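**Q** Mind looking over this structure? Questions follow.
2 protein chains.
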Amino acid sequence: MNNQTPSITGANAGRSRQHNRQVVLGHIRKAGAIGRAEIARASGLSTQAVSNIIADLLGDGLLRPSGHRSAGRGAPVTQYGLNPLGGLALGVEVRPDAIIASLLDLEGSSLFTTRTDLECADPPTVAGQLTRLRDQALEHVELPARKLVGAGIVMPGPFGMRGFSEGASDLPGWENIDPAELLGAALALPVTVENDANAAAMAERVSGIARGLDSYAYLYFGAGLGLGVLAAGCLMRGAHGNAGEVGYIPVPSARGIVPLETLVSRLSVRRALAAAGILVTDMSELTALYHAQSPPLMAWLDQAAPALSLAAQTIENLFDPQTVILGGAMPAPVLDHLIDHMSMAEASVSARAGRTLPRLLRGTAGRTTAAQGAAALVINQIFTPQISAQP
Amino acid sequence: MNNQTPSITGANAGRSRQHNRQVVLGHIRKAGAIGRAEIARASGLSTQAVSNIIADLLGDGLLRPSGHRSAGRGAPVTQYGLNPLGGLALGVEVRPDAIIASLLDLEGSSLFTTRTDLECADPPTVAGQLTRLRDQALEHVELPARKLVGAGIVMPGPFGMRGFSEGASDLPGWENIDPAELLGAALALPVTVENDANAAAMAERVSGIARGLDSYAYLYFGAGLGLGVLAAGCLMRGAHGNAGEVGYIPVPSARGIVPLETLVSRLSVRRALAAAGILVTDMSELTALYHAQSPPLMAWLDQAAPALSLAAQTIENLFDPQTVILGGAMPAPVLDHLIDHMSMAEASVSARAGRTLPRLLRGTAGRTTAAQGAAALVINQIFTPQISAQP
DNA sequence: GATTTAGCTCAAGTAAGTTGAGCCTGCGCC
DNA sequence: GGCGCAGGCTCAACTTACTTGAGCTAAATC
Numbered sequence: 004m005n006n007q008t009p010s011i012t013g014a015n016a017g018r019s020r021q022h023n024r025q026v027v028l029g030h031i032r033k034a035g036a037i038g039r040a041e042i043a044r045a046s047g048l049s050t051q052a053v054s055n056i057i058a059d060l061l062g063d064g065l066l067r068p069s070g071h072r073s074a075g076r077g078a079p080v081t082q083y084g085l086n087p088l089g090g091l092a093l094g095v096e097v098r099p100d101a102i103i104a105s106l107l108d109l110e111g112s113s114l115f116t117t118r119t120d121l122e123c124a125d126p127p128t129v130a131g132q133l134t135r136l137r138d139q140a141l142e143h144v145e146l147p148a149r150k151l152v153g154a155g156i157v158m159p160g161p162f163g164m165r166g167f168s169e170g171a172s173d174l175p176g177w178e179n180i181d182p183a184e185l186l187g188a189a190l191a192l193p194v195t196v197e198n199d200a201n202a203a204a205m206a207e208r209v210s211g212i213a214r215g216l217d218s219y220a221y222l223y224f225g226a227g228l229g230l231g232v233l234a235a236g237c238l239m240r241g242a243h244g245n246a247g248e249v250g251y252i253p254v255p256s257a258r259g260i261v262p263l264e265t266l267v268s269r270l271s272v273r274r275a276l277a278a279a280g281i282l283v284t285d286m287s288e289l290t291a292l293y294h295a296q297s298p299p300l301m302a303w304l305d306q307a308a309p310a311l312s313l314a315a316q317t318i319e320n321l322f323d324p325q326t327v328i329l330g331g332a333m334p335a336p337v338l339d340h341l342i343d344h345m346s347m348a349e350a351s352v353s354a355r356a357g358r359t360l361p362r363l364l365r366g367t368a369g370r371t372t373a374a375q376g377a378a379a380l381v382i383n384q385i386f387t388p389q390i391s392a393q394p
Numbered sequence: 004m005n006n007q008t009p010s011i012t013g014a015n016a017g018r019s020r021q022h023n024r025q026v027v028l029g030h031i032r033k034a035g036a037i038g039r040a041e042i043a044r045a046s047g048l049s050t051q052a053v054s055n056i057i058a059d060l061l062g063d064g065l066l067r068p069s070g071h072r073s074a075g076r077g078a079p080v081t082q083y084g085l086n087p088l089g090g091l092a093l094g095v096e097v098r099p100d101a102i103i104a105s106l107l108d109l110e111g112s113s114l115f116t117t118r119t120d121l122e123c124a125d126p127p128t129v130a131g132q133l134t135r136l137r138d139q140a141l142e143h144v145e146l147p148a149r150k151l152v153g154a155g156i157v158m159p160g161p162f163g164m165r166g167f168s169e170g171a172s173d174l175p176g177w178e179n180i181d182p183a184e185l186l187g188a189a190l191a192l193p194v195t196v197e198n199d200a201n202a203a204a205m206a207e208r209v210s211g212i213a214r215g216l217d218s219y220a221y222l223y224f225g226a227g228l229g230l231g232v233l234a235a236g237c238l239m240r241g242a243h244g245n246a247g248e249v250g251y252i253p254v255p256s257a258r259g260i261v262p263l264e265t266l267v268s269r270l271s272v273r274r275a276l277a278a279a280g281i282l283v284t285d286m287s288e289l290t291a292l293y294h295a296q297s298p299p300l301m302a303w304l305d306q307a308a309p310a311l312s313l314a315a316q317t318i319e320n321l322f323d324p325q326t327v328i329l330g331g332a333m334p335a336p337v338l339d340h341l342i343d344h345m346s347m348a349e350a351s352v353s354a355r356a357g358r359t360l361p362r363l364l365r366g367t368a369g370r371t372t373a374a375q376g377a378a379a380l381v382i383n384q385i386f387t388p389q390i391s392a393q394p
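Protein chains in written order, with our numbering: chain S, 4 to 394; chain P, 4 to 394.
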């Protein structure tokens, strides 16, 4: 979470090899099926080096031959592709009342998802549950523990600052605990901790609508309203891991300038409906209300769409992303309605000629997005060279 | 400018060496004076490797011994520091009407600055002038051309989109030209092209108020209002090099929602004063007006400060920077007034306990900031390992 | 069917980092 | 005041992983 002053690490033979493995894997993932020579051209390595690395990766089970293809003259290419079950990543979303766990393979397909209610979310309980969930997931897919390359954890944030969200979203008992350390020890795995919006953004990249993109912004309906930003292939975290708190940005409303979250969030729609006597416990209930054109819901949408437009335009101009994605805990029809009714100004760096992607896209909606995203973080790391990995 | 899908490069011995040289230089710059053993501990390299690299760097003239220091037991440390004149960087700001060039040494000190008026800013004229300016700068400092490690160029943007700035800020004749290629050939140097705000942000990092920071946002008064963002040591460029167009973000005003630039920019203050019959050609004239408490200027400030507050709060919550810096072509008293009158909400990820830096800082003001920043980009590259440099 | 072309492998060569022994310096203890 | 010891540094041998160039193979072309 905290990537302040990353101690910059020198390169040696071993770290170069690790880097090159990731480079090769990255090219293979991008291409689907590809031969040694093409990887060599793309990476600037010699074919021999690529050959050696591929032999390694085959030995580790991360790759599998994927047929021959003859393209023009010359010997046919021996292609390789990912072996989906060659590596697994566990993703976990820890909420105050429940834990959602998900197991993803190398291609980002979900193999197993489960939800466990929590009486109490204190560190020992969560650590114990995670160990159990890890074993349960592995048992379900009948694969050995060594296939598990890491775990991603999504926990409520923001961290280290005074929040003003009214829901009790923070986890009590975690104030002075380093979750990565505690849970890494409990799981016996390398652990990555991330906020929900960044994780969800990564889920879209690994197996969703953002596949192949490396610069986009993801507006995520979670506990509040979050923003995950991928810039040149890297998640934006900020100096203290709190980047993307789009819910706090000031926007004009009928009642003056208010934080965006008071107009556009789960809590805000729930409150708007409650004022009209409609109690909503789960966002999936909005689907029916939307199809019935429920007036309080439509009224909420009418004020949410312009507020979200302003936010999206701000995001476009500050980040210059390839696209802006809307997703998270909001039914697809509601997200689609928002996208259809957001007016995006022509005066934007994103209003460029020759766009191939729409300026707004709908991402995966669902309760398990964050957990899958947590696993996606780990999957993504496998394919992304780390500039300064600790030895 | 365009860093889309950077073809990820594998590592080999030569590229590792280059990486390690930069790592070592980076640690030396950060520490000022430091011994081999400490660099080895910080970088994860062996002392022997560091020793070899330092021998190289001494041979290249980039370092110089900087005394011995005995710390406790053991042999005294042989320390090394940067040799400021070991490397030079040329920075150039190309405007429609003039070229400003600046020569920086390794420590970021300006050795030479000059301004040349332009009749015409077409590519051949600019290329010719640059060659002349390079030679003039080298002659002035009486150093050989081989000391020059690169050039940074700042040119008007944004690129590849429909602009709506009313000033004719774009350069005619450059539509289908790659400036890096043309000017690199003219100067016989590696060239980096960047926008003014990013360059100015880098100037602050190399030798200004942001020294030692690696996450901050820089609000820059240039042709319009720009934003340079450094995130984890890297400049944010966006998918098409247009990130940071903060002037376009929508903000509420007395006349409804307008782009920030219409309220806060050089053009906007000039227009506000012109409406009161005061014609301002150079921003330095604002200093006198401010000290005289000129009513139209104070009125402009009264509407600019809240608009800028909203932008700064948005920036804080989206980027989670260590601080937000205001700078560029606006006199220091005006910037200070803005900072003093911007109200920063408590509901922000930046309102954290234990801050050591103010949330708002004033950066270097001046006409040569962008040109120095252009050179600072090159200086910064010397100390920053490039994740995927082309061979 | 000969030729060309591209992919791949084998074997030797090279660059650069690591390891471990040993030297030097100067503080600190006896 | 001399000895011991810790830490910085260097020398030489070793290791890793990439590159280079020769040679083999298979398919498309002439």
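Ideal Cβ placement from N, Cα and C applies to all residues, glycine included.
Note that the structure is a prediction, hence the values are computed from the model and not measured.
What three-state label does DSSP hand P:Asp108 in the structure shown?
**A** strand
**Q** On the DSSP letters alone, give me the boundaries of the alpha helix (DSSP H) that S:His143 sits inside.
**A** Pro126 to Val144
**Q** If you draw a straight line from the C-alpha of P:Val157 to the C-alpha of P:Ala374, how long is it?
**A** 7 angstroms
**Q** Taking the alpha carbon of P:Asp125 as the point to measure from, which residue in P:Ala78, P:Val152, P:Leu174 and P:Leu151 has its own alpha carbon closest?
**A** P:Leu174
**Q** Give every residue of the same chain whose Cβ lies closer than 7 angstroms to the Cβ of S:Ala206, excluding the five residues on either side of it in the sequence, and list them in chain order.
**A** Thr367, Thr372, Gln375, Gly376 and Ala379
**Q** Give the residues of chain S in contact with P:Asp323, contact being defined as C-beta atoms less than 9 angstroms apart.
**A** Pro161, Met239, Arg240, Gly241, Ala242, His243, Gly244, Asn245, Ala246, Gly247 and Glu248
**Q** Check each residue of the segment 253-283 of chain S: if its Cβ is closer than 8 angstroms to any Cβ of chain P, include it; give the result in chain order.
**A** Pro253, Pro255, Ile260 and Pro262
**Q** List, in chain order, every chain S residue whose beta-carbon is nearer than 8 angstroms to that of P:Leu313.
**A** Pro253 and Ile260
**Q** Which runs of the alpha helix (DSSP H), 4 residues or longer, sit entirely within the segment 199-237 of chain P?
**A** If we require 4 residues or more, the alpha helix (DSSP H) runs fully inside the segment 199-237 of chain P come out as 199-210.
**Q** Given that P:Val327 touches chain S, what residues does it touch there, using C-beta distances under 9 angstroms?
**A** Chain S residues near P:Val327: none, gap ~11 angstroms exceeds 9 angstroms.
**Q** Given this structure, state the Cα-to-Cα distance separating S:Met239 from P:Lys33, to the nearest angstrom.
**A** 24 angstroms
**Q** In chain order, what residues of the same chain lie with their CB nearer than 7 angstroms to the CB of P:Ala335, ignoring the 5 residues before and after it?
**A** Arg365 and Ala368
**Q** Which one of S:Asn201, S:Leu363 and S:Gly215 has the shortest CA to CA distance from S:Leu341?
**A** S:Leu363
**Q** Give the residues from the segment 342-365 of chain S that approach chain P closer than 9 angstroms (Cβ to any Cβ), ordered along the chain.
**A** Ala348, Glu349, Ala350, Ser351, Val352, Ser353, Ala354, Arg355, Ala356 and Gly357
**Q** Compare the C-beta of P:Leu48 with all C-beta atoms of chain S and state if any pair is closer than 8 angstroms.
**A** yes
**Q** Are there 16 or more other CB atoms within 10 angstroms of the CB of P:Pro262, so buried, or fewer, so exposed?
**A** buried
**Q** In this structure, how does DSSP classify S:Gly163 when only helix, strand and coil are distinguished?
**A** Confidence at S:Gly163 is low in this model, with a pLDDT of 49, below 50, so its placement is unreliable and the value that follows should be read with caution. It is coil, neither helix nor strand.
**Q** Using Cβ-Cβ distances below 9 angstroms, what residues of the segment 225-238 of chain S are close to chain P?
**A** Listed in chain order, the positions of the segment 225-238 of chain S with a beta carbon within less than 9 angstroms of a beta carbon of chain P are Leu230, Val232, Ala234, Ala235, Gly236 and Cys237.
**Q** For the alpha helix (DSSP H) that S:Glu184 lies in, which residues bound it at each end?
**A** Pro182 to Leu190
**Q** Listing by chain order, which chain P residues have their CB less than 9 angstroms from the CB of S:Met330?
**A** The residue asked about is misnamed: residue 330 of chain S is Gly in this sequence, not Met. Chain P residues near S:Gly330: none, gap ~18 angstroms exceeds 9 angstroms.
**Q** Using three-state DSSP, classify S:Pro299 as helix, strand or coil.
**A** When DSSP states are grouped into helix, strand and coil, S:Pro299 belongs to the helix group.
**Q** Of all Cβ atoms in chain S, is any one closer than 8 angstroms to the Cβ of P:Val26?
**A** yes
**Q** Between P:Thr195 and chain S, is there a C-beta pair that is closer than 8 angstroms?
**A** Answer no: the Cβ-Cβ gap between P:Thr195 and chain S never drops below 8 angstroms.
**Q** With DSSP as the reference, please indicate the residues paired to S:Pro253 in a beta bridge.
**A** S:Pro262
**Q** Answer yes or no: does any C-beta atom of chain S fall closer than 8 angstroms to that of P:Asp120?
**A** no
**Q** Could you tell me whether the Cβ atoms of P:Phe224 and P:Ala332 are closer together than 8 angstroms?
**A** Yes, these two residues count as a Cβ contact at 8 angstroms.
**Q** By the criterion of Cβ-Cβ separation under 7 angstroms, what are the contact partners of P:Ala14 in chain S?
**A** By Cβ distance, chain S contributes Ala14, Ser19, His22 and Asn23.
**Q** One question on the structure: do P:Leu106 and P:Leu93 come within less than 8 angstroms of each other, judged by their Cβ atoms?
**A** yes
**Q** Looking at the secondary structure, which residues open and close the beta strand (DSSP E) in which P:Gln384 lies?
**A** That residue, P:Gln384, is in no beta strand (DSSP E); its alpha helix (DSSP H) goes Thr372 to Phe386.
**Q** Is the Cβ-Cβ distance between P:Tyr251 and P:Leu233 less than 8 angstroms?
**A** With respect to P:Leu233, P:Tyr251 sits apart: the two C-beta atoms are not nearer than 8 angstroms.
**Q** Mind checking P:Asn320: buried by the 16 CB within 10 Å criterion, or exposed?
**A** buried
**Q** To the nearest angstrom, how far is the alpha carbon of P:Gln384 from that of S:Arg135?
**A** 47 angstroms
**Q** Is DSSP giving S:Gly17 helix, strand or coil here?
**A** The answer is helix: DSSP assigns S:Gly17 an H, G or I state.
**Q** How would you list, in chain order, the residues of chain P whose beta-carbon sits under 9 angstroms from the beta-carbon of S:Gln82?
**A** Result: empty, since nearest Cβ-Cβ is about 19 angstroms, beyond 9 angstroms.
**Q** Can you find a C-beta in chain S that's less than 8 angstroms from the C-beta of P:Asn55?
**A** no
**Q** If you reduce the DSSP assignment to three classes, tell me which class P:His22 lands in.
**A** helix
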